[in-house]
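Mind the numbering: the sequence shown is residues 497 to 954 in the numbering used here, read in order.
Note that beta-carbon positions come from the ideal geometry of N, C-alpha and C, so glycine has one too.
Since this is a predicted model, take the numbers as computed values, not measurements.
Reviewing the structure listed below.
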Amino acid sequence: MHNDPAVTGGAAKSAILALLTVTIAVLPLQRQQADPAPPVGLEAIFQDGLLLQDRNGDGHIDHVAAQLLLGSAPSDRAVAAAANVAARLGFETSAMNLPLTTATEGVTIAIGRSATAQLAIPPDRLGADLEPGVGVVAVLDREAGPVLVVTGGDDVGTAAAATALAARAPHLWNPDGPTFHDVVSATGEVLGAAQIEAASVRVTRFLVNHDTPGLHRLDVEVRVPEEMLGRAESALLQAAAPDTAPAKLEAAAQEEQAGTAAQQPTSLRFDGLRLLRVYLAAVATEPLILHVAGPENPPESGSGRRPSGGDKTDLDLSNLFSTDGFLGDSDRNLIPDRVDVLLSAAGEASGATADLAARIALEATGVAIPIALPPEEIGDPEQQPPLVLIGGTHPLVEQLVDSGKLSIPELQPGQGLIRVVPKAFDEKPALVAVGADAAGLERAVRQVAERFPNLWER
């Protein structure tokens with residue numbers, strides 16, 4: 497998967513250490529009954545076992561155990577966010593059952609504020625007071641099982657969180673940089689060096705700011721035996737605040753030059769991460785807060801370019817899931833390795849749009865995220881890849897109708913229309929799905945996502 501349109505083709509971004517703040521909070525230890533299954537962390541979210549499963553034991557993911565929840569009235573940005581998360585799930589597996597948005601089993605992925613309101617998740621469960629433009633991805637432990645939450649202080653924050661999860665996780669930021677696994681491993685090494693065996697270490701949430709590269713904050717939960725609290729606290733504080741006095745740094749440099757330098761202790765500072773917050777589960781004490789300043793240079797955000805597959809002038813309803821349609825083949829080996837279209841939805845086909853994104857990504861061995869954008873972020877359609885436009889109220893659908901390039905017949909309630917518009921924007925075609933009402937629009941999009949290229953039965 498291309499983790500970012502800017503890294504298409506394998507171009508590596510430079511990894512730059514950002515300003516880092518480390519917060520260690522000592523929390524009450526929750527005494528629970530023994531559970532053989534440890535709580536899940538974000539470091540394992542795309543591994544075999546929870547969302548993704550290998551059900552036939554051949555070493556390859558072949559099932560997605562997830563149900564997407566968008567709530568009763570998701571915004572267009574929340575729909576695009578859900579589509580991007582769904583595309584990542586589709587990319588990760590060799591098979592999946594659709595629709596994800598009406599699934600009745602699997603891990604619930606709640607996307608957007610409408611979804612969190614439906615689940616009655618209070619803001620304090622997300623671990624932050626979310627401001628506009630700030631998004632959060634959090635795994636919450638609930639009685640019915642874990643819930644993955646992707647939301648924000650507003651829809652812009654939700655979109656930023658979804659893109660970070662879908663395009664970058666389990667990397668903190670750069671595709672060749674540190675990962676959530678590295679954070680968990682380093683935390684375990686710090687404790688191990690102090691002869692402390694942690695009961696569990698997991699990443700519980702991360703925060704992003706829509707206009708700032710890098711993760712704004714990453715939260716790690718550490719559970720240790722109560723009698724080891726003091727040693728664990730000391731070890732983590734020492735790792736969080738390495739000695740950077742000039743004399744110490746000069747001595748270390750001389751030792752390194754002479755080849756006599758001792759092994760450096762494990763650091764809890766990571767490229768692309770501005771704030772690491774460690775929650776140490778133990779008896780109640782006042783939280784200890786320690787700030788460590790590193791270089792202020794943020795990680796690079798990339799140029800935002802995505803792979804191009806040309807104008808797709810041969811696009812028609814029979815070849816949507818081929819290299820003449822939605823997909824591309826960069827090395828011409830007959831294996832689709834990229835997605836050459838961009839989805840944009842306006843209206844009430846929220847679930848179907850996410851399922852269509854999952855189906856498209858399932859068919860390719862590579863995908864650039866975001867695969868979906870809300871109407872207001874499309875900009876000049878002639879500068880975009882061929883577009884999949886969903887909803888009769890989409891401004892670009894209205895533009896096509898006004899220009900005479902698209903005619904929409906009178907539709908009966910529950911009916912939908914799927915049509916390819918040749919040369920919709922310059923030489924590029926567009927696929928348009930509209931409906932007489934919400935049910936008709938949903939029906940049209942699901943026909944593409946779940947049935948095409950077959951008329952009905954596969």
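Residue ranges of uninterrupted alpha helix (DSSP H) with 4 or more members, entirely inside the segment 667-696 and ordered along the chain, are 676-689. With a beta-carbon spacing of about 5 Å, F817 and E859 fall inside the 8 Å limit used to define contacts.
In this chain, Q908 is not harboured by any alpha helix (DSSP H), its DSSP state being neither H nor E. L733 is the residue among S571, A777 and L733 whose C-alpha sits nearest the C-alpha of T762.
Following the DSSP letters along the chain, one finds D851 inside the alpha helix (DSSP H) bounded by residues S846 to L858.
DSSP places Q563 outside any alpha helix (DSSP H); the residue lies instead in the beta strand (DSSP E), whose first and last residues are A562 to L565.
Secondary structure note for L927: it is in no alpha helix (DSSP H), and the uninterrupted beta strand (DSSP E) holding it is K924 to G931. In this structure, G629 lies near H706, with their beta-carbon atoms less than 7 Å apart.
The C-alpha of E627 lies about 39 Å from the C-alpha of G824. In this structure, D851 is the residue among V928, D851, K808 and G821 with its C-alpha nearest to the C-alpha of T597. When C-beta atoms of the segment 580-600 are compared with those of the segment 669-676, fewer than three pairs fall below 8 Å, so the two segments do not count as touching. Q549 sits in a strand when the DSSP states are folded into three classes.
For A662, the enclosing alpha helix (DSSP H) begins and ends at D651 to A663. Secondary structure of V720 (DSSP, three-state): coil. Boundaries for V837: no alpha helix (DSSP H) harbours it, and the DSSP string shows neither H nor E there. Taking a C-beta distance under 7 Å as the contact criterion, V632 and A656 do not qualify as a contact pair. Within the DSSP secondary-structure output, A868 pairs in a beta bridge with L839.
L913 and L811 have their alpha carbons spaced roughly 17 Å apart. In terms of Cβ geometry, T700 and V646 do not form a close pair [threshold 7 Å].
Going by beta carbons, I856 and V835 fall inside the 7 Å limit.
Straight-line measurement puts the Cα of A577 at about 27 Å from the Cα of S826.
Each of D554, D544, G567 and P570 was checked against the Cα of V560, and the nearest Cα belongs to D544.
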